[in-house]
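Protein chains in written order, with this note's numbering: chain A, 2 to 339; chain B, 2 to 339. Note that beta-carbon positions come from the ideal geometry of N, C-alpha and C, so glycine has one too. Only a predicted model underlies this, so the values are computations on that prediction, with no experimental measurement involved.
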DNA sequence: GCACTTGGTGGGAACGTTCCCACCTCGCCA
DNA sequence: TGGCGAGGTGGGAACGTTCCCACCAAGTGC
């Protein structure tokens with residue numbers, strides 16, 4: 002029992018004693034339906050437990066009511082990197098109200114990327130959200146060419162033509178460095194993110210700006226490049242200590258790298274914050290629990306998620322709408338490490 | 002330029018000088034096609050840059066090649082709880098090979114749950130993965146009634162009829178407690194997960210079993226219930242310290258709660274591990290970075306993800322296949338906290 | 001030389017919607 | 001009384017596939 006055949010719009014029409022079109026109108030909220038007809042249809046729908054088949058609808062409307070969220074897993078950080086989880090949560094929140102489905106695509110390598118563009122070409126999504134884009138990422142361009150609404154969390158460069166949303170990386174980084182200066186630190190190093198990413202370059206620029214502001218030179222010995230991983234943070238810290246043994250502070254472009262850096266400092270016998278002050282970026286939930294608790298630049302990660310989703314929905318609804326560029330504020334959360 | 006009209010199977014057929022059906026056969030890898038016809042079709046596909054419309058295909062095959070992964074966000078833990086991220090990663094890995102799309106659904110409240118069952122009824126997914134199920138969760142039963150292939154990470158009870166995959170919670174918990182006993186601890190408390198979840202009850206039972214094994218009584222004063230959150234861990238630790246001030250060890254059913262518990266212990270002036278040894282569960286990536294580093298029961302979270310996905314794919318392919326029940330091994334990772 | 005298989009092929013129908021258009025029935029105005 | 005707009009309605013066509021079936025040609029066995 003139970004199963005039977007799923008009712009279709011025809012079944013409902015027959016039951017309600019009206020035509021297919023009228024049922025469709027009721028479902029889609031058209032006003033051109035008499036009250037009696039509407040009531041009859043609604044009753045039939047309830048009795049039959051009818052749910053419209055969205056695949057059939059999608060075929061004729063060529064809308065799927067779903068969007069893709071693409072996360073590069075090559076940077077294998079979902080899991081150790083709370084940033085992505087928070088973005089996912091934000092996106093999901095913004096989508097929940099609109100009955101739009103979320104397709105999650107973790108892209109590992111080249112092959113999967115092809116699969117991704119295929120899957121987009123197959124018309125399985127109405128739009129795409131891209132997280133963590135690199136400067137020479139081919140994907141945003143491809144999507145743009147396909148005419149598919151696309152919104153980025155982050156940007157390829159300051160000249161990004163696509164709609165995008167990101168935190169105030171420049172201001173956040175500068176605030177971190179100003180804080181270190183105010184604490185009396187004199188040799189302030191930095192561990193950057195990947196320099197083929199705008200976020201990496203911009204946070205580095207923030208470090209430079211704050212130093213310049215204070216009339217200090219940005220010494221090349223004080224810069225090491227990381228890759229947003231813990232191991233990368235350790236490596237970068239090691240090379241900084243070699244190049245500039247007298248450093249007394251580090252601004253690290255992510256909390257995960259900061260954790261690696263602190264581990265390396267401990268290994269080398271440097272105390273945090275006594276010998277070396279450390280400031281991270283992200284204000285991940287674990288920043289409160291490191292030893293010592295990590296000072297960090299807070300960025301509204303979840304809000305980045307809700308915002309890209311909303312911008313995308315808007316762009317899907319009106320493809321002619323002008324591209325948007327939204328910057329969200331950061332704030333410094335001071336803890337024991339600085 | 003560029004855009005034009007998307008080619009359909011008809012366009013391809015015309016270009017290749019064959020019928021629609023032959024094109025379809027080539028696409029779907031049927032052997033009943035002559036080599037010439039196949040070559041012509043393949044050439045036409047390449048020239049026209051044709052990609053089949055999966056929505057149209059889905060309408061006739063009533064398959065969508067996508068599965069839903071449902072995560073209760075009411076327990077708002079994606080983000081602070083790496084478990085979910087790892088499961089997502091595993092699921093995505095297993096799905097990547099099969100061109101199956103992943104629909105992520107974070108379910109907050111009752112309303113969204115209705116939306117979920119609707120969206121399933123709308124035939125938007127071929128199967129469902131459920132994570133973190135509670136004893137009286139209505140969802141698994143609903144899905145079962147709808148005849149939709151469903152696989153759980155975890156289970157509602159030991160008698161779970163649906164296919165499910167989980168870690169050896171009983172053995173893992175017992176190993177943790179045995180370890181504490183071996184360390185000479187005598188008053189071993191536990192902070193449990195929610196007791197309306199099998200995972201909560203089973204880890205508690207593991208604690209009991211190990212104590213019984215050692216000829217010790219499982220004193221009710223030594224049990225406090227948590228909710229898998231950090232704040233819950235703090236609360237539980239506080240009530241344990243009140244009820245049993247002489248405790249010298251705690252087995253905590255999750256790392257996140259263990260972090261809370263350790264914070265509370267520090268606040269009360271108890272040293273870890275000198276005064277109180279702490280063991281967590283999950284071996285989250287941050288366990289290495291707590292102060293002191295946290296001893297924890299490792300569970301193969303990502304593998305749980307790949308496994309539920311594989312079981313689900315199997316069940317979609319063959320709905321008559323017997324339900325599976327898979328238990329994955331755990332192991333104890335000893336660090337400074339015990 | 002005839003029936004009978006077997007590999008290969010293509011057209012019609014179906015999947016369950018929405019959209020376009022034609023139509024019907026009012027009430028209103030000249 | 002006749003024309004006309006407007007509210008309400010329903011049937012046909014279309015969306016782009018796959019599946020069923022009919023068909024055709026070239027063998028194969030008697």
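Residue i: CB within 8 angstroms of a non-hydrogen atom of the ligand FMN
i, result
"residue 150 of chain A", "Questions concerning the ligand FMN fall outside what the structure shown contains, since it holds no ligand whatsoever."
Reference residue i; option with closest CA among the options
i, options, result
"residue 208 of chain A", "A:249, A:184 and A:253", "A:253"
"residue 119 of chain A", "B:52, B:170 and B:143", "B:52"
"residue 273 of chain A", "A:36, A:293, A:285 and A:321", "A:293"
"residue 309 of chain B", "B:299, B:229 and B:327", "B:327"
"residue 92 of chain B", "B:198, B:200 and B:71", "B:71"
"residue 47 of chain B", "B:63, B:222 and B:14", "B:14"
"residue 67 of chain A", "A:41, A:49 and A:98", "A:98"
"residue 25 of chain B", "B:69, B:11, B:36 and B:179", "B:11"
"residue 144 of chain B", "B:155, B:132, B:135 and B:122", "B:122"
"residue 88 of chain B", "B:74, B:73, B:154 and B:104", "B:154"
"residue 54 of chain A", "A:43, A:28 and A:45", "A:28"
"residue 202 of chain A", "A:246, A:263, A:228 and A:266", "A:228"
"residue 82 of chain B", "B:307, B:132, B:9 and B:173", "B:132"
"residue 262 of chain A", "A:245, A:246, A:247 and A:241", "A:241"
"residue 45 of chain A", "A:9, A:33 and A:65", "A:9"
"residue 264 of chain B", "A:63, A:204, A:290 and A:64", "A:290"
"residue 275 of chain B", "B:134, B:204, B:216 and B:337", "B:337"
Buried or exposed by the 16-neighbour rule on C-beta atoms within 10 Å, applied to residue i
i, result
"residue 288 of chain B", "buried"
"residue 4 of chain B", "Reliability fails at residue 4 of chain B, whose pLDDT of 43 lies under 50, so the model's placement of it is uncertain and the value that follows must be treated cautiously. Under this definition residue 4 of chain B is an exposed residue."
"residue 330 of chain B", "exposed"
"residue 335 of chain A", "exposed"
"residue 236 of chain B", "buried"
"residue 31 of chain A", "exposed"
"residue 181 of chain A", "buried"
"residue 214 of chain B", "exposed"
"residue 69 of chain A", "buried"
"residue 17 of chain A", "buried"
"residue 58 of chain B", "buried"
"residue 6 of chain B", "exposed"
"residue 110 of chain A", "exposed"
"residue 50 of chain A", "exposed"
"residue 304 of chain B", "buried"
"residue 342 of chain A", "Residue 342 of chain A falls outside the range modelled here, since chain A spans only 2 to 339, and no answer is possible."
"residue 36 of chain A", "exposed"
"residue 185 of chain A", "exposed"
"residue 23 of chain B", "buried"
"residue 61 of chain A", "exposed"
"residue 246 of chain A", "exposed"
"residue 115 of chain A", "exposed"
"residue 323 of chain B", "exposed"
"residue 187 of chain A", "exposed"
"residue 321 of chain B", "exposed"
"residue 173 of chain B", "buried"
"residue 234 of chain B", "buried"
Identified DSSP bridge partners for residue i
i, result
"residue 282 of chain A", "A:298"
"residue 106 of chain A", "A:71"
"residue 306 of chain A", "For residue 306 of chain A, which the question treats as bridged, DSSP gives no partner whatsoever."
"residue 165 of chain A", "A:153 and A:326"
"residue 229 of chain A", "BP columns for residue 229 of chain A are empty, so no partner."
"residue 253 of chain A", "A:192"
"residue 128 of chain B", "B:68"
"residue 332 of chain A", "A:299"
"residue 224 of chain B", "B:191"
Cβ separation of residue i and residue j, assumed to be a contact under 8 angstroms, to the nearest whole Å
i, j, result
"residue 41 of chain A", "residue 19 of chain A", "6 angstroms"
"residue 339 of chain A", "residue 278 of chain A", "4 angstroms"
"residue 301 of chain B", "residue 168 of chain B", "7 angstroms"
"residue 96 of chain A", "residue 103 of chain A", "6 angstroms"
"residue 230 of chain A", "residue 196 of chain A", "Contact flag wrong, Cβ pair sits at about 15 angstroms."
"residue 105 of chain B", "residue 266 of chain A", "Wrong, their Cβ atoms sit about 38 angstroms apart, outside the cutoff."
"residue 248 of chain A", "residue 206 of chain A", "Their Cβ separation, rounded to whole angstroms, is 20 angstroms, which puts residue 248 of chain A and residue 206 of chain A out of contact at 8 angstroms."
key: Stretch pair the region 184–196 of chain B + the region 254–265 of chain B: three plus CB contacts closer than 8 angstroms   = yes
task = Pair every Cβ in the region 148–156 of chain A with every Cβ in the region 114–128 of chain A, then say whether three or more of these pairs are closer than 8 angstroms.
result = yes
request  = Indicate whether the contact test is met: 3 or more Cβ pairs, each with one atom in the region 292–307 of chain B and one in the region 266–282 of chain B, closer than 8 angstroms.
outcome  = The region 292–307 of chain B, when compared against the region 266–282 of chain B, does touch it at the 8 angstroms Cβ threshold.
ask   = Is there contact here, the region 238–253 of chain B with the region 306–326 of chain A, by at least three beta-carbon pairs under 8 angstroms?
value = no
ask   = Can at least three beta-carbon pairs, one atom from the region 151–162 of chain B and one from the region 218–238 of chain B, be found at a separation below 8 angstroms?
value = The region 151–162 of chain B is not in contact with the region 218–238 of chain B.
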